[in-house]
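S.K.:
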Amino acid sequence: MSTILIIGGTSAIATACARLWAEQHGRFMLVGRNEEKLQQTAADLQARGASEVHTQVLDLNDLAGHAPMLDRTRQLLQRIDIAMIAHGSLPDQDACERDPEQAVRAFTSNGLNVIALLTRLGNIMETQGSGSIAVMSSVAGERGRPSNYLYGSAKAAVSVFCSGLRARLFKSGVHLLTIKPGFVDTPMTQGLALPGLLLAQPDRVARDILSALHKRRSTLYTPWFWAPIMVVIKSIPEFVFKRLSL
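Residue numbers for the sequence shown follow my numbering, beginning at 8 and rising by one.
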């Protein structure tokens, strides 16, 4: 059975993945900010077949808490077969445009803190010499759009960092998957005017993630049609792109 660390363990996509792993009797460490939600998720996973579920309350913005959390995870699980980072929040783009401090906080939360955690986690997995890391990025990081370029730039930083880290860890037998979802029906996207035909359910995304991990893929666009969509969007010349309302 696999040992699984999930950062952002109560997010919709992470929970959907965890439920599939629970059916395989996985052993879990769930990390998140809300203790009540963590306990609810843990109980749900145990009811679905998880053999062991531990939880830890941690805000990823607390950099000093990263190392103790990883140490406790290894003490309880002995090793990490799969580590999933599903941390993130959708910032208020308008507010970030008006307030530089808020912009920095949003970029730090969605980008720099993920990179800080990946730095520690990468070293652990490299020493271990095996395992997989799945990192939640976004198609928003493929090209800056006026409506969400703060969030997109943070995700772009994460994706580029993952590309370099993946090449480094490959030599040690460690797999790193960068996940780039499109529009997903989660609490983070509630209230947004999203096109229904492009809106995916977390269960669908979770199945794609587990399949990509099994195949040791480098990058996953989910659902699949976001790959050709982003090829088109990235091919639009800048003098045209800047005139579009995206």
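Where a beta carbon is used, it is the ideal one built from N, C-alpha and C, also for glycine. No experiment lies behind these values; they were computed from the predicted model shown.
If you check the beta carbons only, do A90 and L125 fall under 7 Å apart?
M.R.: Contact: no.
S.K.: From the DSSP output, which residues share a beta bridge with Q63?
M.R.: According to DSSP, Q63 bridges with V38.
S.K.: Express the C-alpha separation of F246 and M143 in angstroms, rounding to a whole number.
M.R.: Cα-Cα distance, rounded: 30 Å.
S.K.: In the DSSP output, which residue or residues are listed as bridge partners for L227?
M.R.: In the DSSP output, where bridge partners are listed per residue, L227 has I186.
S.K.: Helix, strand or coil for T10? Go by DSSP, reduced to three states.
M.R.: In the structure shown, T10 sits in a strand (DSSP, three-state: E or B).
S.K.: Which stretch, first to last residue, makes up the beta strand (DSSP E) that contains V212?
M.R.: Premise fails: V212 lies in the alpha helix (DSSP H), 209-221, not in any beta strand (DSSP E).
S.K.: For W233, count the other beta carbons within 10 Å of its own beta carbon; 16 or more makes it buried, fewer makes it exposed. Which is it?
M.R.: Buried.
S.K.: Quick one: using the 10 Å Cβ neighbour count with 16 as the cut-off for buried, is T134 buried or exposed?
M.R.: T134 comes out exposed.
S.K.: Tell me the residue span of the alpha helix (DSSP H) that contains A163.
M.R.: Unbroken alpha helix (DSSP H) run through A163: 156-177.
S.K.: So, are the CB atoms of S139 and H182 less than 7 Å apart?
M.R.: Cβ atoms of S139 and H182: closer than 7 Å.
S.K.: My assumption, with CB atoms under 8 Å, is that H94 sits in contact with V121. Please give the rounded CB distance.
M.R.: About 6 Å; that satisfies the 8 Å criterion.
S.K.: Looking at A113: is its Cβ nearer than 7 Å to the Cβ of L70?
M.R.: For A113 and L70, no; Cβs fall outside 7 Å.
S.K.: Hey, which unbroken runs of the alpha helix (DSSP H) at 4 residues or more fall wholly within the region 66-137?
M.R.: Entirely contained in the region 66-137, the alpha helix (DSSP H) runs reaching 4 residues are, in chain order, 73-84, 100-105, 107-114, 120-135.
S.K.: Mind checking D215: buried by the 16 CB within 10 Å criterion, or exposed?
M.R.: It counts as buried.
S.K.: Would you report the Cα separation of V111 and R105, rounded to the nearest angstrom?
M.R.: Their Cα atoms are separated by approximately 12 Å.
S.K.: Using 7 Å as the threshold, is the C-beta distance between T10 and R86 below it?
M.R.: Taking 7 Å as the Cβ cut-off, T10 and R86 qualify as a contacting pair.
S.K.: Quick one: what's I140 bridged to in DSSP?
M.R.: Bridge partners of I140: A90, L183.
S.K.: Output the distance between the C-alpha atoms of R173 and V212, rounded to the nearest integer angstrom.
M.R.: If you take the alpha carbons of R173 and V212, they lie about 22 Å apart.
S.K.: In this structure, what does DSSP give as the bridge partners for V191?
M.R.: BP columns for V191 point to A207.
S.K.: In the structure shown, what three-state DSSP assignment does P244 receive?
M.R.: In the structure shown, P244 sits in coil (DSSP, three-state: anything other than H, G, I, E or B).
S.K.: Based on Cα-Cα distance, which residue from T17, G16, I13, T22 lies nearest to D210?
M.R.: It is T22.
S.K.: Please report the straight-line C-alpha distance between S154 and T229, rounded to a whole angstrom.
M.R.: About 21 Å.
S.K.: To the nearest angstrom, how far is it from the Cα of I186 to the Cα of L227?
M.R.: Taking the straight line joining both Cα atoms gives about 5 Å.
S.K.: Buried or exposed for F168, going by 16 or more other Cβ atoms inside 10 Å?
M.R.: Its Cβ being crowded by 16 or more others within 10 Å, F168 is buried.
S.K.: Assuming L204 and A141 make a contact with CB atoms under 8 Å, what is their CB distance in whole Å?
M.R.: In fact, because the Cβ distance is near 26 Å, the residues do not count as touching under 8 Å.
S.K.: Ends of the alpha helix (DSSP H) at A22?
M.R.: For the sequence presented, residue 22 should be read as Thr rather than Ala. Here the alpha helix (DSSP H) through T22 covers 19-29.
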